[in-house]
Amino acid sequence: MTRIDQFLPGFAPHDAIGSHVLQTRRALRDAGFESDIFAEHIHGPMDRHAEDFRSYPATRERTFLLYHASTSSPMASFLAKRNEPLMIDYHNITPARYFARWEPVAAASMTEARDQLRTLADRVELAIAVSPFNRAELVEIGYRRTAVAPLMIDFDKYSAAADARTLARLQRAKDRGGSQWLFVGRVAPNKCQHDIIGAFAAYRHLFDPAARLTLVGGMTSALYLRALTQLAHELGVLDAVEFADSVDFPSLLAHYQSADVFVCLSEHEGFCIPALEAMHFNVPVVAYATAALPDTVGDAGILLDDKDPAIVACAAHRALTDCELRASLNEAGRARVEHFSLDNARKLFLDTVVPVVEAAGG
Amino acid sequence: MNDPDEDSTTPAGQRVHVVEEIEAHGRSLHDDELDRIRLATSRLAPIDAGRADLRAALALLDAQATVDVDVPTGSRVRAGSSVKMAVKRVTAWYLRYLGNQVTLLGQATVRFGAAIVERTEALEESTAGLRREVEGLAARVADLEQGR
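Protein chains in written order, with our numbering: chain A, 184 to 545; chain B, 7 to 154.
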């Protein structure tokens with residue numbers, strides 16, 4: 184039986200890439216392949232799903248390797264030196280310039296990751312990208328055979344019960360009036376939470392002084408987080424902004440269920456699952472039209488070419504007050520979620536990978 | 007994202023026009039508060055800085071040099087906010103005293119950093135000049151050795 188083993192630098196629960204890798208393994212096994220997962224850093228409960236990549240056998244017959252590229256890792260050179268045919272699934276690497284000011288060490292690591300990606304170009308049989316934006320990057324750095332297959336997202340899991348306490352807390356805040364803004368994503372300079380805080384301050388100034396903003400997401404840069412709290416303080420909105428850190432899944436569901444508008448002003452996203460999550464919960468999406476966001480959001484959100492605080496505030500206000508627009512966004516959002524459904528993503532992935540494996544005699 | 011070819015009779019086409027309206031309206035809005043928000047937000051925009059960019063490091067130090075002693079008192083727990091406000095009131099004098107000293111230390115460090123940056127840049131400039139002079143002299147010595 185042909186084997187397709189997956190490799191990823193970090194394997195963590197409730198992580199977009201980790202969930203995708205598990206779904207990919209299921210799709211490969213259902214399609215009749217043997218498939219296991221190997222990682223450099225295996226976090227907590229994921230150790231029952233993966234093994235350390237350093238324990239990988241020296242040689243394996245009828246085997247293909249699939250590397251999930253997203254950060255720098257010794258795994259890249261390990262895989263490059265092996266004889267088995269190699270494929271990559273590119274989730275994107277944040278450009279170093281976003282971190283150079285805040286976290287020079289992280290910036291250096293991102294530069295290294297891009298160098299590694301470049302060196303793998305000649306070695307790879309097939310480079311899959313999770314978005315057309317990512318694919319364009321691969322083509323630009325010299326990858327010849329590329330394809331797009333989006334992240335595999337199991338939208339059924341969003342039907343689980345939301346955390347009752349969080350829901351009740353958010354409802355109490357809602358009862359006091361004012362709309363609820365939400366953004367979900369790590370606190371990182373490329374996610375530009377500072378622009379969201381600026382737009383939120385403009386929104387409170389122009390339309391709704393009682394509005395609240397919740398920023399859900401773990402911290403990537405402590406200095407950037409501190410600058411964000413200083414900015415919120417300076418703009419007089421600190422008491423209306425909640426830095427929720429990373430939350431468990433039921434609490435995340437509560438945040439989506441309580442949100443009135445999802446605002447994403449990231450400058451660099453390789454896919455952006457939270458935009459689809461918001462659509463799943465009928466929360467209108469206002470986003471900056473850059474990187475992979477136009478690919479993911481499509482026509483199901485208000486995509487802005489300019490993220491001036493007043494423009495974003497006007498967009499959020501329109502999404503919240505124009506019932507016709509909101510209904511049309513909800514309908515388009517449902518279609519978008521269906522487009523990225525697990526079944527569609529699995530089929531696209533297998534239609535992309537299987538011919539390459541068969542052509543190579545697998 | 008505006009696509010001029012989008013058919014305005016379709017929902018997607020109508021949304022393109024909505025975005026155009028929103029952007030035009032937002033751009034036309036100006037007052038002192040919006041200008042203040044724009045300025046404060048733009049200060050955190052990504053900048054191109056290399057690992058060895060001393061000026062970027064100094065700007066970061068400058069931005070972090072002030073200690074904020076006005077502790078946020080919001081809480082997810084209902085009684086949490088009241089407790090935090092009470093603690094804040096009781097400890098305010100102490101935090102202010104401590105915060106002022108740390109802020110002064112931060113500001114002094116920024117001044118020290120600025121002096122180092124200026125001195126380093128001046129040294130880099132003079133080193134480059136000296137290097138050019140040494141290269142010229144080395145060429146003259148080589149010429150003399152060859153009897154030219």
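Beta carbons: idealized from backbone N, C-alpha and C, even for Gly.
Note that this is a predicted model, so its numbers are computed, not measured.
Residue i versus residue j - alpha carbon distance
i	j	result
residue 531 of chain A	residue 318 of chain A	15 Å
residue 444 of chain A	residue 125 of chain B	50 Å
residue 323 of chain A	residue 108 of chain B	48 Å
residue 226 of chain A	residue 195 of chain A	5 Å
residue 502 of chain A	residue 469 of chain A	8 Å
residue 79 of chain B	residue 389 of chain A	25 Å
residue 131 of chain B	residue 112 of chain B	28 Å
residue 143 of chain B	residue 134 of chain B	14 Å
residue 312 of chain A	residue 334 of chain A	9 Å
residue 141 of chain B	residue 148 of chain B	11 Å
residue 83 of chain B	residue 433 of chain A	17 Å
residue 24 of chain B	residue 500 of chain A	12 Å
residue 50 of chain B	residue 406 of chain A	11 Å
residue 454 of chain A	residue 99 of chain B	48 Å
residue 421 of chain A	residue 261 of chain A	47 Å
residue 206 of chain A	residue 309 of chain A	19 Å
residue 21 of chain B	residue 27 of chain B	10 Å
residue 10 of chain B	residue 479 of chain A	Bear in mind that a pLDDT of 48 at residue 10 of chain B, under 50, signals an unreliable position, so the number given afterwards is only what the model happens to contain. Cα to Cα, residue 10 of chain B sits roughly 20 Å from residue 479 of chain A.
residue 431 of chain A	residue 466 of chain A	20 Å
residue 128 of chain B	residue 295 of chain A	32 Å
residue 514 of chain A	residue 483 of chain A	8 Å
residue 87 of chain B	residue 121 of chain B	43 Å
residue 352 of chain A	residue 371 of chain A	26 Å
Endpoints, the beta strand (DSSP E) within which residue i is located
i	result
residue 251 of chain A	246-252
residue 308 of chain A	307-312
residue 547 of chain A	Absent from the structure is residue 547 of chain A, since the part of chain A shown begins at 184 and ends at 545.
Residues that DSSP places opposite residue i in a beta bridge
i	result
residue 497 of chain A	Residue 497 of chain A pairs with nothing; no bridge assigned.
residue 330 of chain A	A:311
residue 222 of chain A	A:191 and A:235
residue 428 of chain A	A:399
residue 217 of chain A	A:186
Run of the alpha helix (DSSP H) containing residue i, from where it starts to where it stops
i	result
residue 193 of chain A	Note, residue 193 of chain A: premise wrong, no alpha helix (DSSP H); beta strand (DSSP E) at 186-194.
residue 412 of chain A	405-417
residue 74 of chain B	First-last for residue 74 of chain B: undefined, no H or E at that position.
residue 297 of chain A	287-303
residue 177 of chain A	This structure does not reach residue 177 of chain A, given that chain A is present from 184 up to 545, and the question cannot be answered.
residue 131 of chain B	86-151
residue 537 of chain A	525-542
residue 386 of chain A	376-389
residue 228 of chain A	Residue 228 of chain A -> no alpha helix (DSSP H), and no H or E assigned at all.
residue 260 of chain A	257-263
residue 421 of chain A	Here residue 421 of chain A belongs to no alpha helix (DSSP H), and DSSP marks it neither H nor E.
CB contact below 9 Å: residue i versus chain A
i	result
residue 8 of chain B	Its pLDDT being 47, under 50, residue 8 of chain B is placed unreliably by the model, and the measurement read from it follows with that caveat. Yes - at least one Cβ of chain A is within 9 Å of the one on residue 8 of chain B.
residue 62 of chain B	yes
residue 115 of chain B	no
residue 28 of chain B	yes
residue 126 of chain B	no
residue 68 of chain B	no
residue 18 of chain B	yes
residue 80 of chain B	yes
Cutoff 9 Å: residue i Cβ touching any chain B Cβ
i	result
residue 497 of chain A	yes
residue 482 of chain A	yes
residue 511 of chain A	yes
residue 315 of chain A	no
residue 205 of chain A	no
residue 246 of chain A	no
residue 354 of chain A	no
residue 373 of chain A	yes
residue 438 of chain A	no
residue 508 of chain A	yes
residue 422 of chain A	yes
The ligand NAD heavy atom lying under 8 Å from the CB of residue i
i	result
residue 400 of chain A	Ligands displayed in this structure: none; no statement on the ligand NAD is therefore possible.
(request) Return the chain-ordered ranges of every alpha helix (DSSP H) run that is complete within the stretch 438-518 of chain A and spans a minimum of 4 residues. (result) Entirely contained in the stretch 438-518 of chain A, the alpha helix (DSSP H) runs reaching 4 residues are, in chain order, 456-463, 476-480 and 492-504.
(message) I'd like the ranges of any alpha helix (DSSP H) spanning at least 4 consecutive residues and lying wholly in the stretch 32-64 of chain B.
(response) If we require 4 residues or more, the alpha helix (DSSP H) runs fully inside the stretch 32-64 of chain B come out as 38-48.
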